[in-house]
Structures are given as structure tokens and as C-alpha cells.
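A short worksheet on the structure shown next.
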Amino acid sequence: MNAGNGAQAGALVSKGLSAPDTTFRIGTFTNENPQDNYLSFISVMATEDNSQVTFNNLPAGLIIKNYSGSIPITVTLNEGESYVVATNAAVNNLNRDGLIGTLISANKNIVTNVGSANGSFGGGNGRDYGIDQIVDLAKVGKEYIFVRGSGNNEWENALIVAHEDNTEIFVNNEIAAIAKINKGEYFVVEGNKYTSDGNMFIKTTKNVFAY
């Protein structure tokens, strides 16, 4: 997809038969210097009728677009119906990264798309789309290899989202953990951690969602 002025773009990769499931943790940009058009979102679609979907671990004070109800959010969807939760990063400090770590639980298989359009990991005025379809808890793991692009360190990042307490994160076989986070929390591994070959190996003590 392309932004309206053509300056930004993003790509969503279908996960095929690996996509439908019931438990997901969300990642978006962290939006260190939020602009008015920084939007982060979660989009779910039901694959069966009478699917009950709950959005949990949303922080108190988060302002969700076109929503004034209670949190957690619970909706019932039929096959092919979708529900979107979206936040404007510039509204308040919580909105910058408040969707990260959101727990989505469903009683039947759903598919989930997440990300930011626009948004940024950096603190400048740059922005881009960062979106994808994600797989659920049963398919994530403890070891990931990231490949560096052509950007600067401040946005060539890896976002690690924990599903369990006391999750330790190790980078490039370093002996000491770079961070320990609890369920729903996240840690950003900066671009200066890539090796000279442009790779970064991240290992965790418990299964995590990695973006």
C-alpha cells in the first residue's frame, strides 16, 4: 500500500494457513516524536460465526479512535467480519506506544493484522508504514535473526514483546541479558547491535513476539 502522497509505503505478507488462531500479542512503532498522522492499529477478522474476541492489557488513559466504552474490549464477530482498534500517537504520551503488548484472545480462529501507518522508531520527523499480518502464540519462539536494512541505527530496530513474566533477552550470544521484561512489556533492540555482516541474533528465555 502507498500513502496518499506516495512518500510512504508498506507491505503485508499473508501467512496463509499459519495465520488463523486465537492468541496474539501486538507490536507497532514506538513513535518517540509523534506527529498528527501517526496511526497505530490492530485489525482482526473472524473465520467463523459467533467469534468472541477480547482486547486486553490496554493501559488506562489510552484514547482509542471512535471508541468510548470500557476496557478490556470484547466484540462478537461473524465469519468475514472485522474489528479495528486504532490510536493517534499525538493525542497523549500513552498513545505513542499504548497498543504494544495488547493481548488478543478469541474463542475461535481469527486472523490479525497490526502495525503503524504512519509511525517511527526514531526521534526525528521521519515516518513510514510498518504493518504486517502476524501469527499466534503457538507459532512464535525464542530465537530470531534480523537482517539490517539501509536505515540509521535509531530506526533499524527489533521490537521484542513478552508473553510471560521474567523474559530475558540476549543479543548476539552476549553473556549478559540486555533486558528482562514481563508479560505485555516490550524492549527495543537498537540498530547499533547489528554485526558487521548486518545480522542480529536475538535469543530469549521464553517465547516472544518479535517485530
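Here this note's numbering is used: the first residue of the sequence shown is 10, the next is one more, and so on.
For every residue, glycine included, the Cβ atom is placed at its ideal position computed from N, Cα and C.
Item	Value
Length-filtered (3 minimum) beta strand (DSSP E) runs lying within the segment 20 to 45	30 to 34
Cβ contact (3+ pairs, closer than 8 Å) linking the segment 63 to 79 and the segment 154 to 173	no
Minimum C-alpha distance to residue 92 - residue among 11, 144, 121	121
Where residue 51 falls, given that 16 or more other Cβ within 10 Å makes a residue buried	buried
Cutoff 7 Å; reference residue 86; Cβ partners in own chain excluding five residues on either side	55, 60, 62, 92
Inter-stretch contact at 8 Å, needing at least 3 Cβ pairs: the segment 28 to 35 / the segment 104 to 120	yes
Residue burial classification, residue 165 (beta-carbon count within 10 angstroms, cutoff 16)	buried
Cβ-based burial, residue 191 [other Cβ within 10 Å; buried from 16]	exposed
Same chain only: Cβ atoms within 8 Å of residue 208, ignoring 5 sequence neighbours per side	154, 155, 156, 157
Span of the alpha helix (DSSP H) around residue 174	First-last for residue 174: undefined, no H or E at that position.
Start-end ranges of the beta strand (DSSP E) lying completely within the segment 74 to 110, minimum 3 residues	82 to 86, 91 to 97
Status (buried if at least 16 other CB within 10 Å, exposed otherwise) for residue 23	exposed
Inter-residue Cα distance where the pair is residue 171 and residue 219	9 Å
Beta-bridge partners of residue 150, as assigned by DSSP	217
Stretch-stretch touch, CB-based, cutoff 8 Å, three pairs: the segment 178 to 194 with the segment 132 to 146	no
Residue 197 versus residue 168 - alpha carbon distance	5 Å
Residue 14 - DSSP class collapsed to helix/strand/coil	coil
Burial state of residue 13, where buried means 16 or more other Cβ atoms lie within 10 Å	exposed
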